[in-house]
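Protein chains in written order, with the numbering used here: chain A, 439 to 524; chain B, 1462 to 1644.
What follows is a single structure, written as structure tokens, with notes after it.
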Amino acid sequence: MGERGKKDDAMKHRKTNLEPVAEKPETQDPMARPAPTTPHKEARLGREVQARIGQQLRAMYNDVVNQGVPQHLADLVRRLSDQDQD
Amino acid sequence: MKLDPAIRDQVLATVPSLRAFAISLCGNIDRADDLVQETLLRALAHIDSFEPGTNMPAWLFTILRNLFRSEYRKRRREVEDAEGRYAETLKSHPEQTGRVEFEEFRAALAKLPADQREALILVGASGFSYDDAAAICGCAVGTIKSRVNRARTRLADLLAIDSVDDFGPDRATRAVLAGGGRN
């Protein structure tokens, strides 16, 4: 019955992993003015869309995870584990 | 000598997420379960090569991915064909999410190149670190990061297009057509 704890453990990073990674401005040149063409509205929409993507992705994935271990696969693992290992 | 029950439990505990990953690769629940079964057979036959204390999920995901890839080369056409079916695979969905929105998301995800979809799922859904995801896919960490970013950008584009008429009746109609008209 240690299964749930292990599973949760394997997933503990999920909250943080979808942080934007390489979305910093390419140019750090102080002479380059920050692009005035990025309206706040669009930037916010981008973040909302990204949050929604992460949420949907996890919902879809967890839909399957929550089905647990199908009986035939559990039986298979137990049967193979009980065999003598070479 | 029988397998250490602690190791066995680690294997069992990974099966649910292994299935979720397999479905995202295969786009077909029956093939996914075959792939998981083959992975478990392979893993338990070679359990000696697993180093206790290291990352069991990452080890099993690596085996599954390699099996899938070798099969993929054999059945390339069939797998490409599966893209359309991917959106159809998981018809059940969480109640809190609108059905149309969910179907739309799946359809968008199915449009991603396999490499990008795989990276996004490993990092964004399976909860692996970029390092682990890179090890699973046998590529550089930077490659995983760029695949994840490209996947997110592409998905945002695909979903943003639809947000233009988010509340229009056309949206539901289109979703029905998109769902039923794949031939």
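Where is the CB? At the ideal position from N, CA and C, for every residue including glycine.
Just so we're clear, the structure is a prediction, and the values are computed from it rather than from any experiment.
Proximity to residue i [Cα-Cα], best of the options
i	options	result
S1510 of chain B	B:I1468, B:D1491, B:G1585, B:S1478	B:I1468
V515 of chain A	B:V1602, B:G1603, B:C1487, B:T1475	B:T1475
R517 of chain A	B:D1470, B:E1562, B:C1487, B:S1531	B:D1470
L1486 of chain B	B:P1513, B:G1514, B:R1530	B:R1530
Where residue i meets chain A, residues with beta-carbon distance less than 7 Å
i	result
V1472 of chain B	V515
Q1498 of chain B	L511, L514
Proximal residues of chain B, C-beta to C-beta of residue i below 8 Å
i	result
A489 of chain A	Simply none; closest approach about 11 Å.
Q494 of chain A	T1558, E1562, F1563, F1566
8 Å Cβ cutoff met for residue i and residue j
i	j	result
S519 of chain A	K1463 of chain B	yes
I1597 of chain B	A1519 of chain B	yes
L1528 of chain B	L1479 of chain B	no
L1473 of chain B	A512 of chain A	yes
A1580 of chain B	V1609 of chain B	yes
D1593 of chain B	N1516 of chain B	yes
A1483 of chain B	V1497 of chain B	yes
Within-8 Å CB hit, residue i to chain E
i	result
P1477 of chain B	Absent from the structure is chain E; the protein chains it does hold are A and B.
Contact with chain B by residue i, beta-carbon distance below 8 Å
i	result
L509 of chain A	The identity of residue 509 of chain A in the sequence shown is Gln, whereas the question assumes Leu. Output row for Q509 of chain A: interface = no.
Q505 of chain A	yes
Residue i at chain A interface by Cβ criterion, 8 Å
i	result
D1494 of chain B	yes
A1586 of chain B	yes
K1572 of chain B	no
R1469 of chain B	yes
L1464 of chain B	yes
A1596 of chain B	no
I1484 of chain B	yes
A1621 of chain B	yes
A1481 of chain B	yes
Chain A contact residues for residue i, given Cβ-Cβ distances below 8 Å
i	result
A1617 of chain B	G484, V487, Q488, I491
I1582 of chain B	L495, Y499
Three or more beta-carbon pairs under 8 Å between the segment 1559–1578 of chain B and the segment 1493–1508 of chain B, yes or no? no
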